[in-house]
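Comments concern the structure below.
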């Protein structure tokens, strides 16, 4: 028979079991932490009506969409979890309690240009807190404490949650009469890490921004020091614009509460260069960096928005959210050898029967499982050596051998596969204690 | 601004948070049980090359596929988890240990004709055990014990795993010289529950099958009694066909081992009318019924196949697997009120601060979370009544109130929201013990 080559699309992650076990562990840490903070699960469809999903989209986003017709229905695969959340909250407004704290972990789709480490199908792990009309600023400080908890659980210590407030930038632009150019200026500022300060100044000059205004922009984004020093220097700029003053108040508050939430000083920092999405966020914005691996870019980002679902409803729904792009994070950490996929099995123990009658081995497997021990039983007719090879290859920590000799004495042999230690134990003893 | 109506596609399940919590609990029971039996996780893409995904498909299946082009690539959404498994095993053959025991829980897509309780996007929860060249029959008995464990965990007792062996039917057809008509005869037999015995006989007559042969078919599918009685009667048919004899041997063995795996007699039964897929299964086949709710149809089905991945590889990969269609199962159980979505929050406790300084409330929240207690803190500026209303609506079991009075005395007030009991506790006491 002619064979089809069994291949997987480029940009679609498909892991071997040992990597998948690790991926699931990371996903579980994220989900458990989200629950620990009381976020509720939702699970929206991957396929939605294009009209609904793209109500707001445009430009770059729309080009990347997986969009197609089925019958005469115009469908799209979701490209993030925020638009589905907006739809969900608008649709179910009357059935939700506000503030509505939800998490969603699921795959999203973007037909990006192929590049190593870029994925077209990837997991996003989102939390958002949505208020009805109003949402206290303290929520903006709670989300970083969720991020902090997760990255600590991942085993990282040297990471920084960078925080800024979009009102500062917007206020500054108003102050220097460049409000209409805000988007373009932000785009240029965003490149400072890549192209350097002088190149940024050159680009700003090309926009015919006055020398004075450029100086103000540069002195703003060059403010350095600790979080407190930066906040102090922002104060000293003496900018009278109302939006700027509100932004400064908000940033002060959020920093104060982040400390109350127990985030250590070395794990967060005010960073005035962070702008994030150009038209979406309206207040607090976050990015998270592993400091030893800056090349990863931000591993968890988000911010505050004034109105989640304006395209669907007249209700004013302010919110704040963050998202972890788990697929890319996993890929990068794995590539850098920062995580090790060294668990090749989920089993705690493999039972190897070397006897005709399988009653006892199966009975033991059932007993161990009922005690919460992940137990596999080797059911195929192979030589002892082959059975051990299976345990070896999967690195199952313990093996229980039950042969005719052991059966006669009503015993089992427990072997620790790491140390090689063997022990004969009575079948009726509490074998799980020995494991 | 003109609003887009926030709607979800028909046939795509989207649950409210309380229902979603319950759905996740059921999914977790399935996943934990799969792990307890040592099955390894895999996660294949939802989008695949049509050429790969449809290598084997045809007819009805192909019509239901969500298939589309992106650029000039012909793509499809997966319609089950078996074809992706076949691709995965063929592709990664050299990196897997056999028998390869894998689980996969994920969404699949079928553009079925819309009907109440039918879904176009739904979760399948699959386990399969794949052998390299060979796979012991005992595996066929282990899978029902996984199903048994899951449905017991769901809280059901009155369910039956029905089991049959396709070789019996195939052998019988050979014996009566109707091998070439097997598919058509199976299709007719499958309808016996719906159309009755006489109508089945009529249809068989139309196929010009001899009276004698029809009698043999009917006496075969009418064999009644306990599992052992049926096995005995099959023996007594004295059919000499080799395939039939092998099927009878296999069924006897699987029943014997199902008992060893501890499945009680009332939870399984030999059922000679079960055929399942017409060209896929080659040995053991299963269906599972909730006996009080036969109208649900089979809630977990599967069987043994001779060769998993013949379309992709020359390796012979026999396997056995079962699948739970969780979305449909959840929908039906919910509709029948057999499950109750009565958990509206994942939080164990809500902290309500009624004080200016939030240091203590936030400190307590962080402490409780670190002790594994899902803790939410009400961060928005509302009256006490509104804060309690939130706890009430979400039915959070305990509330901790921290007001100025409590703060002064370094105490907190714990309220049990079910009983209304209140208790003043020292802030530094082990509050989690009181929860």
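Chains as they are written, first to last, in the working numbering: chain A, 159 to 593; chain B, 159 to 593. Positions of the beta carbon are idealized from the N, C-alpha and C atoms, including for glycine. Computed from a predicted structure; not experimentally measured.
Query                                                                                                                           : Result
C-beta atoms of residue 401 of chain A and residue 325 of chain A nearer than 7 Å                                               : yes
Residue 586 of chain A, buried or exposed, once every other Cβ within 10 Å from all chains shown has been counted against 16    : exposed
Three CB pairs or more closer than 8 Å across the segment 333 to 349 of chain B and the segment 366 to 373 of chain B           : yes
Closer than 7 Å at the beta carbon, the chain B residues around residue 520 of chain A                                          : 418 and 419
Within 7 Å of chain B by C-beta, residues of the segment 515 to 543 of chain A in sequence order                                : 516, 517, 520, 524, 527, 532, 533, 534, 537, 538 and 539
Segment contact, 8 Å Cβ cut-off, at least three pairs: the segment 503 to 511 of chain A with the segment 462 to 477 of chain A : no
Contact set for residue 553 of chain A: own chain, Cβ-Cβ below 6 Å, skip 5 residues either direction                            : 502
Cβ of residue 213 of chain A within 7 Å of any chain B Cβ                                                                       : yes
Members of the segment 164 to 180 of chain B near chain A, C-beta cut-off 8 Å                                                   : 164, 165, 166, 167, 170, 171, 172, 173, 174, 175, 178 and 179
Rounded straight-line distance, which links the Cα of residue 579 of chain A to that of residue 241 of chain B                  : 42 Å
Nearest candidate by alpha-carbon position, reference residue 201 of chain A, set A/281, A/425, A/543 and A/524                 : A/281
Beta-carbon spacing of residue 458 of chain B, residue 296 of chain B below 7 Å                                                 : no
Interface flag, residue 148 of chain B vs chain A, CB-CB below 7 Å                                                              : Residue 148 of chain B falls outside the range modelled here, since chain B spans only 159 to 593, and no answer is possible.
For residue 489 of chain B and residue 448 of chain B, the rounded distance between their alpha carbons                         : 14 Å
Cβ-based burial, residue 286 of chain A [other Cβ within 10 Å; buried from 16]                                                  : buried
Coil, strand or helix - residue 324 of chain B by DSSP                                                                          : helix
Residue range of the beta strand (DSSP E) that includes residue 512 of chain B                                                  : 507 to 512
Residue 495 of chain B, buried or exposed, once every other Cβ within 10 Å from all chains shown has been counted against 16    : exposed
Short Cβ contact (7 Å threshold) for residue 446 of chain B with residue 461 of chain B                                         : no
Anticipated Cβ contact below 8 Å, residue 207 of chain A with residue 165 of chain B, distance rounded                          : 7 Å
Whole-angstrom distance between residue 262 of chain A and residue 263 of chain B, CA atom to CA atom                           : 16 Å
Of the residues B/497, B/182, B/289 and B/425, the one placed nearest residue 318 of chain B, counting alpha carbons only       : B/425
Distance, residue 576 of chain A Cα to residue 382 of chain B Cα                                                                : 53 Å
Cα-Cα separation between residue 433 of chain A and residue 444 of chain A, rounded to whole angstroms                          : 9 Å
Alpha helix (DSSP H) segments (min. 4 residues) lying fully within the segment 193 to 217 of chain B                            : 208 to 211
Coarse secondary structure for residue 376 of chain A, derived from DSSP in three states                                        : helix
Residue 519 of chain A burial status per 10 Å Cβ neighbour count (16 or more: buried)                                           : buried
Residue 410 of chain B to residue 524 of chain B span [Cα, whole Å]                                                             : 58 Å
Beta-carbon proximity of residue 269 of chain B to residue 278 of chain B, cut-off 7 Å                                          : yes
Per DSSP, cross-strand counterpart(s) of residue 288 of chain A                                                                 : A/258 and A/477
Chain A contact for residue 182 of chain B (CB, 7 Å cutoff)                                                                     : yes
Neighbour list for residue 551 of chain A in chain B, Cβ cutoff strictly below 9 Å                                              : 255
C-beta contact flag for residue 399 of chain B and residue 289 of chain B at 7 Å                                                : no
Cβ pair residue 196 of chain A, residue 534 of chain B closer than 7 Å                                                          : yes
Cutoff 6 Å; reference residue 659 of chain B; Cβ partners in own chain excluding five residues on either side                   : Lying outside 159 to 593, the shown extent of chain B, residue 659 of chain B is not represented and no answer is given.
Own chain residues within Cβ distance below 6 Å of residue 168 of chain B, not counting five before or after                    : 272
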